[in-house]
Structures are given as structure tokens and as C-alpha cells.
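*Asks:* Before I ask anything, here is the structure I am working with.
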Amino acid sequence: MSNDDNQDTGAKKSQTMQAVVLNRLRDGLIEGALIPGQVISIRKFAAMFGTSPMPVRDALSQLVAANALQELPNRSVCVPVLSRERIEELFAVRAMLECRAARQACARATPELVATLRELHSHVDGIAMKQSATKHAVLRRNRKFHFTLYAGAQSEILMPLIESLWLQCGPTLFMTLETANATRAHDAHLQIINGMAARDPDMVASALEREIRETGETLLAGYDDLMSFGPLSFAMKAEDPLRL
1 MSNDDNQDTG AKKSQTMQAV VLNRLRDGLI EGALIPGQVI SIRKFAAMFG TSPMPVRDAL
61 SQLVAANALQ ELPNRSVCVP VLSRERIEEL FAVRAMLECR AARQACARAT PELVATLREL
121 HSHVDGIAMK QSATKHAVLR RNRKFHFTLY AGAQSEILMP LIESLWLQCG PTLFMTLETA
181 NATRAHDAHL QIINGMAARD PDMVASALER EIRETGETLL AGYDDLMSFG PLSFAMKAED
241 PLRL
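Okay, structure coming up:
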């Protein structure tokens with residue numbers, strides 16, 4: 001094998017590992033495994049992924065550019081602690097885009113999609129009832145339910161935009177699991193499923209808009225108390241924050 005072939009193979013392996021690291025970090029942000037204020041150690045994450053620092057550094061740079069992570073003055077990278085104004089805007093835009101995607105998915109709904117949503121909803125219920133369940137596990141299943149719904153819209157425009165918003169607000173969502181919001185989300189999911197089965201886009205969009213709005217309101221209602229303790233209080237409320 002020539003030197004050029006070796007270089008090409010090495011470059012492809014590096015690109016593949018960067019994609020793996022990027023996808024795992026994106027999942028960690030969306031599913032609440034990474035928490036607000038958490039500093040990302042390149043060395044620690046490289047060891048976790050079994051790779052050199054370069055793929056981790058490249059993945060972090062992409063997430064900083066996507067506003068999912070924040071570069072600090074000392075060049076380290078952390079998960080942003082969102083301001084009240086940022087939370088309000090994120091959830092307002094989420095409601096617009098996700099309700100549009102849900103309406104499109106409803107118009108294209110198949111019995112298979114409805115059955116999948118029912119199954120995912122039952123999985124969320126099953127996990128939430130287990131005392132040993134982590135918040136991360138609940139959020140992972142919740143993410144799966146929502147993104148399965150939005151994928152039904154078959155929109156190459158909406159999905160990347162929605163994922164970008166979840167990357168930014170996902171790390172704060174664990175704050176909503178110990179409140180009545182979790183029960184309201186359960187009810188909203190049932191209404192979404194019923195609306196999809198009935199091909200009623202207004203029912204689906206109404207339930208989804210309410211879930212998103214009430215989740216944002218829950219975050220804002222607890223914002224001042226949480227921030228009075230500083231970013232480290234996020235870590236105290238999270239479970240196993242480094243687990244990806």
C-alpha cells in the first residue's frame with residue numbers, strides 16, 4: 001500500500017470517528033446527559049470514546065458553531081446556561097416548527113406510524129414508573145417519541161431545524177421531570193396519538209403546542225430558584241451527567 005493510500009485510510013478513519021463522537025455528543029445534549037454549566041474535557045471524552053483528542057475537538061467546534069456549546073475565554077468548552085429570554089425564544093420557535101411538522105406528519109399518517117407512537121408512549125410510561133429509571137432514560141424515550149412523530153412529516157427542511165433547537169434546550173429538560181409537567185406531557189402524548197389515528201391535525205397540533213408551551217413555562221417558573229445557587233446546582237439535580 002502506498003503512502004497516499006495510507007493517508008487516505010487514516011483520513012477516512014478520522015472522519016468516521018469524528019462522526020461517531022459528534023453523534024454521541026449531539027445525543028447527549030438532546031437527551032439531557034450533558035447538563036448546563038458542564039465543562040467538556042477533551043481529554044476525558046477522548047478516553048471515553050477511545051480516540052485521540054482531534055475528533056473530539058473537531059466535534060466540539062461544530063457544536064459551538066451550532067450554538068449548542070459555548071467557548072469560554074480560556075478556550076475550554078461548556079454547555080451553556082440559558083437565559084430566561086433564550087428559553088422563551090427557543091420554546092416559542094419550537095412550538096411553531098414542531099407543530100408544523102406534526103401537522104404534516106398527521107396528513108401522511110399511516111397505521112404503522114400510529115402503532116409505533118403508541119409503543120414508544122408505553123415505553124416512556126414503563127420507564128417512568130421504575131424507581132431505578134434515570135432521568136436520562138426518560139428523556140431519551142421522550143426524544144424518540146417526538147422525533148418519530150416529526151420524521152413522519154418527511155421534511156428535509158424542518159427536521160434539521162428542530163434538532164438544532166433541541167440541541168440547545170435539551171440539557172435543561174431534566175428540570176421538568178420532577179413536576180406536574182411530566183403528567184401533562186403524558187396526557188399530551190395520548191392526545192397526539194389519538195389525533196394521528198383520527199387524522200385530525202388540529203388535535204395533534206393543539207396537544208403538542210400545549211406540551212411545548214407548558215414545558216417552557218415550567219423551566220421559567222423554576223429558573224430563579226435554580227440560578228440563585230449557580231450553575232453547579234444543575235449538576236446536583238442531574239443524574240449521572242457524563243453518561244452517554
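If you read the sequence shown in UniProt numbering, its first letter stands for residue 1, the second for the next number, and so on.
Built from N, CA and C at the ideal position, the CB exists for glycine as well.
Predicted model, so just to flag it, every value in this text is computed and none were measured.
Below 6 Å CB to CB, which residues in the same chain sit around R118 once its five sequence neighbours on both sides are set aside?
*Replies:* As a first step, residue 118 must be located in the sequence shown, where it is residue number 118. If we look at R118 and ignore the five residues flanking it on each side, its Cβ neighbours are I193.
*Asks:* Our contact map puts S164 next to A66 with C-beta atoms below 8 Å; I'd like the distance itself, whole angstroms only.
*Replies:* Translated into positions along the sequence shown, residue 164 becomes position 164. Translated into positions along the sequence shown, residue 66 becomes position 66. Yes, S164 and A66 are in contact; Cβ-Cβ is about 6 Å, under 8 Å.
*Asks:* Short of 7 Å in beta carbon distance, which residues of its chain neighbour R210, apart from the five on each side in sequence? Order them along the chain.
*Replies:* Numbered from 1 along the sequence shown, position 210 holds the residue referred to as residue 210. Correct list, in chain order: A188.
*Asks:* Taking R57 as the reference, give the member of I87, A19, I30, P160 with the closest Cα.
*Replies:* Residue mapping note: residue 57 aligns to position 57 of the sequence shown, counting from 1. Out of I87, A19, I30, P160, A19 has the C-alpha closest to the C-alpha of R57.
*Asks:* Exposed or buried, which one is E98 when buried takes at least 16 other CB atoms within 10 Å?
*Replies:* Here residue 98 refers to the residue found at position 98 when the sequence shown is read from its first residue. It counts as buried.
*Asks:* So, for I87: in the same chain, excluding its five sequence neighbours on each side, which residues have a beta-carbon less than 8 Å away from its beta-carbon?
*Replies:* Here residue 87 is taken as the residue at index 87 of the sequence shown, counted from 1. So the list reads C169, T172, G216, L219, L220, Y223, once near-sequence residues are dropped.
*Asks:* Using the Cα positions of M236 and A33, report the straight-line distance between them to the nearest angstrom.
*Replies:* Within the sequence shown, the letter at position 236 stands for residue 236. Within the sequence shown, the letter at position 33 stands for residue 33. Confidence is the limiting factor: at M236 the pLDDT is only 47, short of 50, which leaves the residue's position unreliable, though a coordinate-based value still follows. If you take the alpha carbons of M236 and A33, they lie about 13 Å apart.
*Asks:* Name the one or two DSSP bridge partners that E71 has.
*Replies:* Your numbering for residue 71 matches position 71 in the sequence shown. E71 is bridged to V77.
*Asks:* Apart from the five residues just before and just after T176, which ones in its own chain have a Cβ nearer than 6 Å to its Cβ?
*Replies:* As a first step, residue 176 is located in the sequence shown; it is residue number 176 there, counting from the start. Excluding residues within five positions, the ones whose Cβ falls inside 6 Å are T215, T218.
*Asks:* Determine, using beta carbons only, whether A207 and V114 come nearer to each other than 8 Å.
*Replies:* The residue labelled residue 207 in the question sits at position 207 within the sequence shown. The residue labelled residue 114 in the question sits at position 114 within the sequence shown. No, Cβ-Cβ distance for A207 and V114 is not below 8 Å.
*Asks:* Looking only at DSSP bridge pairs, what is I35 linked to?
*Replies:* Taking the sequence shown and counting its residues from 1, the one referred to as residue 35 is at position 35. Bridge partners of I35: none, in fact.
*Asks:* Apart from the five residues on each side of it in sequence, which residues of its chain come closer than 6 Å, Cβ to Cβ, to P201?
*Replies:* The residue given as residue 201 occupies position 201 in the sequence shown. The residues are R103, C106.
*Asks:* Could you tell me the distance, in whole angstroms, from the CA atom of L22 to the CA atom of V204?
*Replies:* Locating residue 22 in the sequence shown gives position 22, where the first residue counts as 1. Locating residue 204 in the sequence shown gives position 204, where the first residue counts as 1. Their backbone Cα atoms lie some 32 Å apart in a straight line.
*Asks:* Taking the Cβ atom as the reference point for each residue, do I40 and L82 lie within a distance shorter than 8 Å?
*Replies:* Position 40 of the sequence shown, counted from the first residue, corresponds to residue 40. Position 82 of the sequence shown, counted from the first residue, corresponds to residue 82. No; because the gap between Cβ atoms is not below 8 Å, this pair is not in contact.
*Asks:* Between R140 and the rest of its own chain, which residues show a CB-CB distance below 6 Å, the 5 nearest in sequence each way excluded?
*Replies:* Here residue 140 is taken as the residue at index 140 of the sequence shown, counted from 1. For R140, where only same-chain residues beyond five positions count, the Cβ hits under 6 Å are E31.
*Asks:* Below 8 Å on the Cβ atoms is my contact criterion, and I expect L25 with L63 to pass it. Report the Cβ-Cβ distance as a whole number of Å.
*Replies:* Reading the sequence shown from its first residue, position 25 is the one you call residue 25. Reading the sequence shown from its first residue, position 63 is the one you call residue 63. Correct: roughly 6 Å between the Cβ atoms.
*Asks:* May I have the straight-line CA-CA distance separating L60 from P160, to the nearest angstrom?
*Replies:* Taking the first residue of the sequence shown as position 1, residue 60 is located at position 60. Taking the first residue of the sequence shown as position 1, residue 160 is located at position 160. Distance between the alpha carbons of L60 and P160 is about 18 Å.
*Asks:* Can a CB atom of chain D be found closer than 8 Å to the CB of R140?
*Replies:* Looking for chain D here will not work: only one protein chain is present.
*Asks:* For M96, does the count of other Cβ atoms within 10 angstroms reach 16, so buried, or fall short, so exposed?
*Replies:* For this step, residue 96 is matched to residue 96 along the sequence shown. Exposed.
*Asks:* Per the DSSP calculation, I192 is bridged to which residue(s)?
*Replies:* What you label residue 192 is simply residue 192 of the sequence shown in a count that begins at 1. I192 pairs with nothing; no bridge assigned.
*Asks:* Compare the C-alpha of G28 against each of F174, G195, T183, Q191 and name the closest.
*Replies:* On the sequence shown, residue 28 is found 28 positions in, with the first residue counted as 1. Minimum Cα distance to G28 is reached at F174.
*Asks:* Among residues of its own chain, excluding the 5 on either side of P80, which ones have a beta-carbon nearer than 6 Å to its beta-carbon?
*Replies:* Mapped onto the sequence shown, residue 80 falls at position 80. Correct list, in chain order: Q70.
*Asks:* Per DSSP, what kind of secondary structure is I157 in: helix, strand or coil?
*Replies:* Counting from 1 along the sequence shown, the entry for residue 157 is found at position 157. Reduced to three states, the DSSP call for I157 is coil.
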